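Residue numbers (the UniProt record's numbering): 1 to 170.
Yeah, the Cβ is synthetic: ideal placement off N, Cα and C, and Gly gets one too.
It should be emphasised that the depicted structure is a prediction, and the values quoted were computed from it without experimental measurement.
A quick write-up on the structure given underneath.
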Amino acid sequence: MTLFPSSPQLIVEKTTDYPSAEYSLVEDVALHFTCLMDRLNEQRLFQPDLCDVDIVLVQHKSIFPAHKGVLAAYSQFFHSLFTQNKQLQRVELSLEALTSQGLQQILNFIYTSKLLVNSCNVQDVLNAAAVLQMNNIASSCQDLLDTRSLSLAADMALPAESCAGPPPLP
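In structure tokens form, the structure reads like this:
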């Protein structure tokens, strides 16, 4: 884990001559935002003390540290929740529709822009996206199901272990 990788050179742009010379130091915008989100994701995964909210799935006894501002920027559900409860540091969700796998994939997407959906998790991701009011993800998952690009694992008669995910780390 590299917390502060070296950045490429900043572009120097002269912005004004009058009343005195002034320059802007600019980093490529895409690179800037990628580095920012990478660092926030590293905090979420490896330095939860730098996060300001815990999302708790009560039924699964799972805790997901996150940043309120990041969650609120992507989810209308979280935006409304944090706007109404500014001091909130722990969100306990006990909805049956939310699973650890579904929420984990949604959080990965929010922080990395990548969402891994397969026949084993598509329904969990769809349910989480619907609950969190992330309609673009919900409709994309529904489209994958409707077009039969992904079939539910039960429909494909997959063995249960194929949907269990990777084995736990030792």
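Member of Pro-19, Ser-113, Leu-98 whose CA lies at the smallest distance from the CA of Ile-63: Here residue 63 is taken as the residue at index 63 of the sequence shown, counted from 1. The candidate whose alpha carbon is nearest that of Ile-63 is Leu-98.
Quick check on the burial criterion: 16 or more other C-beta atoms within 10 angstroms. Buried or exposed for Phe-46? Looking up residue 46 in the sequence shown gives position 46. It is exposed - the Cβ of Phe-46 has fewer than 16 other Cβ atoms within 10 Å.
Between the alpha carbons of Leu-68 and Leu-81, how many angstroms are there, rounded? The count along the sequence shown starts at 1 and reaches residue 68 at position 68. The count along the sequence shown starts at 1 and reaches residue 81 at position 81. The displayed chain sequence assigns Lys, not Leu, to residue 68. Rounded to whole angstroms, Lys-68 to Leu-81 spans 10 Å at the Cα level.
Which listed residue (Val-26, Ser-149, Val-125, Glu-27) has its alpha carbon closest to that of Ala-138: Working through the sequence shown from its first residue, we reach residue 138 at position 138. For the residues Val-26, Ser-149, Val-125, Glu-27, the minimum Cα distance to Ala-138 belongs to Val-125.
Leaving out the 5 sequence neighbours to the left and right, which residues in its chain are closer than 8 Å to Thr-2 when beta-carbon positions are compared? Residue numbering aside, residue 2 sits at position 2 when the sequence shown is read from its first letter. Note that Thr-2 scores a pLDDT of 49, beneath 50, so its modelled location is shaky and nothing firm can be said.
Pairs of beta-carbons, one from the stretch 70 to 78 and one from the stretch 108 to 128, closer than 8 Å: are there three or more? yes
Which of helix, strand or coil DSSP assigns to Glu-27: On the sequence shown, residue 27 is found 27 positions in, with the first residue counted as 1. Glu-27 falls in the coil class under three-state DSSP.
For Val-58, I'd like the list of residues in its chain whose CB is within less than 6 Å of its CB, leaving aside the five on either flank, ordered along the chain. Taking the sequence shown and counting its residues from 1, the one referred to as residue 58 is at position 58. Contacts found: Glu-92, Ser-94.
Please look up how many angstroms separate the CB atoms of Gln-128 and Leu-103, rounded, as I've assumed it's under 8 Å. For this step, residue 128 is matched to residue 128 along the sequence shown. For this step, residue 103 is matched to residue 103 along the sequence shown. Position check: residue 128 holds Ala in this sequence, whereas Gln was assumed. Confirmed, about 5 Å.
Tell me whether Leu-57 sits in a helix, a strand or coil according to DSSP, three-state version. Within the sequence shown, residue 57 is the residue found at index 57, counting from 1. In the structure shown, Leu-57 sits in a strand (DSSP, three-state: E or B).
Skipping 5 residues on each side, what residues in its chain have a beta carbon closer than 6 Å to that of Ile-11? Against the sequence shown, residue 11 aligns to sequence position 11. So the qualifying residues of the chain are Val-26.
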